[in-house]
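These notes concern the structure reproduced below.
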Amino acid sequence: MAINGVGDNFYSFLNKEQTQTTEEQDAGSLALEDFMSLMTTQLKNQDPLKPMESGDFLGQIASFGTVSGIADLQDSFSSFAKAMQSDQALQGSSLVGRSVLVPSSIGMMTPEDGLTGQINVAEPVTDLKVQIYSEAGVPVKTIELGSASGYTNFTWDGFDENGKAMPEGIYQFRATGTVNGENGAFATATVAKVSSVLVGSGSQGLTVNLAGIGSVPFGEVQEII
């Protein structure tokens, strides 16, 4: 007896389709075989007094199509992520030995290059200055920059207030000044050399290892010099 237009011929058709496609299925299409098997079982065992409406039947097929589409989309994203990771690795390898500007209040001073940094002054400031400290926090040098606005660069040559050459190493620095009659501190960045790069997995992305500073996410690099 046919139920709502779906009878034994339909069951036979489903089983025939499954048999014909079994040899061609890969891991992704096995999900379709399982779905059709479940649908066949559901139709055979439904309540004759409450048969499945054709709309419900089509709705379940549409639901499977959505799930299958999501799986394909996930595969596409996975391929895209791998391509991005390869691109990051290539980009990262070209950074080794170069200098980058990153947000920081510490920097590496060398006799050859000194210590270079940048101050972000959002509003016009008077008597802007950068105070240099040893790694232990001992005052070493004050650099007077006067009036400034916007991104302001500075370089410390590595000599203290008495003209004595300081040893190569890590130094702290702090930028302060007066804005509208009030004293304040400003965000700073430093120039550091890339010693190596690390390509992370998943969402970790690319990490650059900076001489004297440590590891910094590539996304924090403000400028490649």
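Residue numbers are given in my numbering: position 48 of the sequence shown equals residue 48, and the series is strictly consecutive. Idealized CB from N, CA, C, for every residue including glycine.
Exercise. What separation, rounded to the nearest whole angstrom, lies between the Cα atoms of T142 and W156?
Worked result: 9 Å
Exercise. How long is the line joining the alpha carbons of V208 and A189, rounded to whole angstroms?
Worked result: 16 Å
Exercise. Which residues does DSSP pair with I143 in a beta bridge?
Worked result: V130
Problem set entry | Coil, strand or helix - Q118 by DSSP | strand
Problem set entry | Cut-off 6 Å between Cβ atoms - residues of its own chain near V125, not counting five sequence neighbours on either side | A148, G177 and V179
Exercise. Distance, Cα to Cα, G181 vs D127?
Worked result: 11 Å
Exercise. Thinking just about the alpha-carbon of each residue, which of Q222, G150, P217 and A192 is nearest to the one in A211?
Worked result: A192
For this session: Using alpha carbons as the reference points, say which of T110, G219 and A185 lies closest to Q131.
Result: A185
Exercise. Mapping DSSP to helix, strand and coil, what is E24?
Worked result: Interpretation of E24 is limited by its pLDDT of 48, a score under 50 that renders its predicted location unreliable; the figure taken from the coordinates is listed afterwards. It is helical.
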